[in-house]
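There are 2 protein chains.
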Amino acid sequence: MITEHSFSDTYITLAHGNGGRFMRELIEHLFAKYLDNAWLDTRADAAAMPFDESDFELMITTDGFTVDPLEFPGGNIGSLAIHGTVNDLAVAGATPRYLSLNAFIEEGLEIAVLDRLIRSMAEACRECGVDIVAGDTKVLRRGQGGGVYFAVTGVGQRNRSINLGIDKIQTGDCILLSGTAGDHGCAVLLAREQFGLSGTLKSDAASVFPVTRALLDLPGLRFMRDPTRGGIATVAHEMASAVAGTVKLVETAIPINEQVKTVAEILGYDPYYLACEGRVMAVVGAGDAEEALKRMRGAGCSEAAIIGEVQDGRTQVILETALGGERILEELEDDPLPRIC
Amino acid sequence: MITEHSFSDTYITLAHGNGGRFMRELIEHLFAKYLDNAWLDTRADAAAMPFDESDFELMITTDGFTVDPLEFPGGNIGSLAIHGTVNDLAVAGATPRYLSLNAFIEEGLEIAVLDRLIRSMAEACRECGVDIVAGDTKVLRRGQGGGVYFAVTGVGQRNRSINLGIDKIQTGDCILLSGTAGDHGCAVLLAREQFGLSGTLKSDAASVFPVTRALLDLPGLRFMRDPTRGGIATVAHEMASAVAGTVKLVETAIPINEQVKTVAEILGYDPYYLACEGRVMAVVGAGDAEEALKRMRGAGCSEAAIIGEVQDGRTQVILETALGGERILEELEDDPLPRIC
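Chains as they are written, first to last, in the UniProt record's numbering: chain A, 1 to 341; chain B, 1 to 341.
Here it is as structure tokens:
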């Protein structure tokens, strides 16, 4: 059987999972090629469908969770699975309502660990006001799973009048971030004993629904996204690509925890590529930027900041450095940190 | 930290995944204990929720797929994932509409294989009239996944007037099966080279929506289920438990492919525990049994049969043998065949 591939790889590599170029190509050239339909948008966090004659659209999102280690400061794979899914609905402008849960559990997992994960999951559901309404478990042979993997699908509702999208971004718009960048990626990294580092840093994993709800009726709101795999640099690339222009981020404006800076320096990672799991990047018309910042802070995000803007120019992401120079933030290719979410 | 377990295991075993007693206990005593809510019913194939003021209920189901090998006669893990999810909505009386897809892909998987799986998935979607509207991929390190695992969530709609459920089953009801039992389990088993067997048998994996749609307005219809993991014996146990009575299956009435009989005998498996992926077990009032059979056959199920009935008596499943004797079909404990779906 002859199979065409418009991308050049023969085998799946870890780089196909890192949120960067290889993953985008895998998704566009294989999954989307076959599965294309009127609702599927590989660039959106959640898909919107009409449901009967309702005033609301049905919003659907899904996410897989493979974080290693299963438990880390500030959360575990159970709570993360809820927050991650709820956040994809929230940034799409929806109210999260129902979840489904798939658990792929490896033979030999200690049941006391599974118990803690599911308990955290239940606590996160209560905090977020959502219910798990359907579930399935599969047990994988020892050595055929990484302890446990979860897949969670979220169903929410969105008023038909809401009109957000990455294609709404315009030159001159401002980019906001609701808190410090990279805490989740860094906390998971510290929890991996192989690095021989430790610290007090916690993952930022949390629901962003209070923030998105606060921004939702702002007339100049164009687009929101939670910068998970690949961090804020990867979301900035998606924005630059959508607008076919330059996204400029300002180094001194981006809130970054001191510990994240230090760890990133020691390990040679760029913190802009580290995952957040409780932050929103929002794009708003320049005239609404101060109001958006005020609303983010009012929703409890004391470190929220305006971190950059969308400019005319070639499709690229530029960082204005503390010294006033500029450097290009490339699209992620190698995977700095697999199994981060 | 002290954690209670009302079930006695310390580590996850393969038996926690086989559809039998251990799996039921894991789900009831751990997942359902923490995640309980008004919508979740661990005994249902899909959950029903109101959505706005619509005449329809929103139906949600989810399923994980781990079948080994990834490709087998009559299907592959891609088409199976669609059929399995669509079928859970169909037997709940819903019209399947939207799906989400999670792919957990192991590093090193040949992309040509993945291409075939996703293409089959797309074909199955077209046959079933559903669309994948949301997706996510995660790449697992080599050795931390079995090639590929899929998790699919299905969203459907069901008219509020439909009232099916395992709790609707009554003494005296008849049990129908829409085709031969165990073809999928047996076909997957033959596809595993380790058994040194071969044959021409194909998996029965297919959408059962044409059958469920044909039965849906039958007044005596109580309950439908697709007998997947654990086969028809496991569904019979669920029915016996729900009605607190005896389910009697009649050996000579159960359609079984000759090859399935032979393979089951050679390997010492009981064919009643082998999975189907394109069959419906339906329970109907005795007065509607012949009409239900006629409708099943009209929907293309030429081998459909009335295979048993629900009787007063202790909670058990009895097989009336060809010789006129009776033997008890125990609830599944050991896993005869992991990674079958």
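Positions of the beta carbon are idealized from the N, C-alpha and C atoms, including for glycine.
Task: Selection of the UniProt domain "PurM-like C-terminal" (171 to 316) of chain A by Cβ proximity to chain B, strictly under 7 Å - done: none
Task: DSSP three-state assignment for residue 174 of chain A, whether helix, strand or coil - done: strand
Open item on the list: Output needed for residue 62 of chain B: all residues of its chain with C-beta closer than 6 Å, excluding positions within five of it in sequence on either side, in chain order.
Closed with: 153
- [ ] For residue 105 of chain A, write down the residues that DSSP places opposite it in a beta bridge.
- [x] A:139, A:148
Open item on the list: For residue 81 of chain A and residue 150 of chain A, what's the separation of their Cα atoms in angstroms?
Closed with: 7 Å
- [ ] Give the range of the alpha helix (DSSP H) segment to which residue 80 of chain A is assigned.
- [x] 77 to 91
Open item on the list: Any beta carbon from chain B within less than 9 Å of residue 16 of chain A's own beta carbon?
Closed with: yes
- [ ] Would you check if the distance between the CB atom of residue 355 of chain A and the CB atom of residue 122 of chain A is smaller than 9 Å?
- [x] Not covered by the structure: residue 355 of chain A. The range shown for chain A is 1 to 341.
Task: Straight-line gap, residue 323 of chain A to residue 254 of chain A (C-alpha atoms, nearest Å) - done: 14 Å
Task: Listed by chain order, chain A residues near residue 100 of chain B by CB distance under 7 Å - done: 60, 62, 153
Task: Rounded C-alpha distance that separates residue 162 of chain A from residue 224 of chain A - done: 12 Å
- [ ] Give me the Cα-Cα distance between residue 310 of chain A and residue 168 of chain A, rounded to the nearest whole angstrom.
- [x] 12 Å
Task: Three-state secondary structure (DSSP) of residue 180 of chain A - done: coil
Open item on the list: Within a Cβ cutoff of 8 Å, which residues of the same chain sit near residue 246 of chain B, ignoring the five residues on either side of it in sequence?
Closed with: 240, 310, 311, 312, 313, 314, 315, 316, 317, 318
- [ ] Check the Cβ-Cβ distances between residue 133 of chain A and every residue of chain B, and say whether any is below 9 Å.
- [x] yes
Task: Under 9 Å from the C-beta of residue 118 of chain B: neighbouring residues of chain A - done: 30, 31, 33, 34, 35
- [ ] List the whole-angstrom C-beta distance separating residue 190 of chain A from residue 113 of chain A, where the pair is believed to meet the contact cut-off of C-beta under 8 Å.
- [x] With a Cβ gap of about 20 Å, residue 190 of chain A and residue 113 of chain A do not count as contacting.
Task: Beta-carbon contacts of residue 2 of chain B that lie in its chain and below 7 Å, excluding the five residues immediately before and after - done: Here the model assigns residue 2 of chain B a pLDDT of 36, short of 50, so the residue's position is not dependable, and the following value carries that caveat. So no residue of the chain qualifies.
Open item on the list: For residue 100 of chain B and residue 192 of chain B, what's the separation of their Cα atoms in angstroms?
Closed with: 29 Å
Open item on the list: Can you give me the C-alpha to C-alpha distance between residue 27 of chain B and residue 42 of chain B, rounded to a whole angstrom?
Closed with: 8 Å
- [ ] Report the neighbours of residue 106 of chain B on chain A: residues whose CB is nearer than 8 Å to its CB, in chain order.
- [x] 12
Open item on the list: Starting from residue 259 of chain B, trace the alpha helix (DSSP H) in both directions and tell me its first and last residue.
Closed with: 258 to 267
Task: Chain-ordered chain B contacts of residue 95 of chain A [CB-CB under 9 Å] - done: What residue 95 of chain A touches in chain B: nothing, since even the nearest Cβ is about 12 Å away.
TODO: Consult DSSP for residue 4 of chain A and reduce its assignment to one of helix, strand or coil.
DONE: Legend: pLDDT at residue 4 of chain A = 46, less than 50; position of this residue unreliable, value from coordinates given subsequently. If DSSP states are grouped into helix, strand and coil, residue 4 of chain A belongs with coil.
Task: Rounded separation between residue 73 of chain A and residue 201 of chain A - CA only - done: 7 Å
- [ ] Starting from the beta carbon of residue 331 of chain A, find every residue of chain B whose beta carbon is closer than 7 Å, and list them in chain order.
- [x] Under the 7 Å cutoff, chain B gives no residues; its nearest Cβ is about 17 Å from residue 331 of chain A.
TODO: Kindly indicate which residue of B:90, B:252, B:106 has the alpha-carbon position closest to the one of residue 70 of chain B.
DONE: B:106
Task: Host beta strand (DSSP E) of residue 62 of chain B (start-end) - done: 56 to 65
TODO: For residue 289 of chain A, I'd like the list of residues in its chain whose CB is within less than 6 Å of its CB, leaving aside the five on either flank, ordered along the chain.
DONE: 174, 306
TODO: Grab me the residues of residue 298 of chain B's own chain with a C-beta within less than 8 Å of its C-beta, minus the 5 sequence neighbours each way, in chain order.
DONE: 214
Task: Euclidean distance between Cα positions of residue 199 of chain A and residue 55 of chain A - done: 49 Å
- [ ] Measure the alpha-carbon distance for residue 286 of chain B versus residue 36 of chain B and round it to whole angstroms.
- [x] 35 Å
Task: beta strand (DSSP E) segment containing residue 308 of chain B, residue limits - done: 305 to 311
Task: Beta-carbon gap between residue 251 of chain A and residue 320 of chain A smaller than 9 Å - done: yes
Task: beta strand (DSSP E) segment containing residue 327 of chain B, residue limits - done: 326 to 328
Task: DSSP state of residue 161 of chain A mapped onto helix, strand, coil - done: coil
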